[in-house]
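Undergrad: Letter by letter, the sequence shown follows residues -24 to -1, 1 to 93 of mature numbering (1 follows the signal peptide of the UniProt record, and there is no 0). Submitted below is the structure of interest, expressed as structure tokens.
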Amino acid sequence: MRLYRCVASVTVAVALVLSAPYDALPYAGVAAGETEEPPLFGAECRTGVEGSHVVAHCHNPYVDIDRVRLHIECDRWWDLDTDSAPVDTEPAMTVRLTGRCWMEVRSVWISHQNRGS
């Protein structure tokens, strides 16, 4: 009985996707032979962790301003995770972001937001 329910729900999902109008499909706006190029955007960031300290350097080689933030997830449950203040990285500019945990660092990542030109 469970297998029948699973097959039935998959069949309904496929039927809904196939019955969608042509304009709703993701490739509908691109003519045959054309490829839609995404705009060039985003600072290139490198992060380094040494003990409980984190340093990130972000360089923006593009025209649009990239607002970057450093996010740090600490390993211990009682250690507070941190997010840096957003920093605008203008064209041809390099910024340095720092942060730390009290003990070990679990993960580090950078978020980007397009601020336009």
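For every residue, glycine included, the Cβ atom is placed at its ideal position computed from N, Cα and C.
1. CA-CA distance, P62 and V44?
2. Distance check for T65 and T23, CA to CA, integer angstroms please.
3. Could you tell me which residues DSSP puts in a beta bridge with W54?
4. Rounding to the nearest angstrom, what Cα-Cα distance links L73 and A32 in this structure?
5. Using only the alpha-carbon positions, how far apart do H29 and P14 sit?
6. With 16 as the cutoff for other CB atoms within 10 Å, does N90 come out buried or exposed?
7. Less than 8 Å between the CB atoms is what I'm expecting for G27 and L46, so what's the real figure, rounded?
TA: Considering the structure as presented:
1. On the sequence shown, position 86 is the one that residue 62 refers to. On the sequence shown, position 68 is the one that residue 44 refers to. Take the alpha-carbon of P62 and the one of V44: they are about 6 Å apart.
2. In the sequence shown, residue 23 corresponds to position 47, counting from 1. In the sequence shown, residue 65 corresponds to position 89, counting from 1. T23 and T65: Cα-Cα distance of roughly 16 Å.
3. As a working note, residue 54 is residue 78 in the sequence shown. Partner(s): none; W54 has no beta bridge.
4. As a first step, residue 73 must be located in the sequence shown, where it is residue number 97. As a first step, residue 32 must be located in the sequence shown, where it is residue number 56. Going by the C-alpha atoms only, they are around 5 Å apart.
5. As a working mapping, residue 29 is identified with position 53 in the sequence shown. As a working mapping, residue 14 is identified with position 38 in the sequence shown. If I take the Cα positions, the gap works out to 35 Å.
6. Taking the sequence shown and counting its residues from 1, the one referred to as residue 90 is at position 114. The residue in question, N90, is exposed, as its Cβ has fewer than 16 Cβ neighbours within 10 Å.
7. As a working note, residue 27 is residue 51 in the sequence shown. As a working note, residue 46 is residue 70 in the sequence shown. Between L46 and G27 the Cβ distance is about 16 Å, and since that is not below 8 Å, they are no contact.
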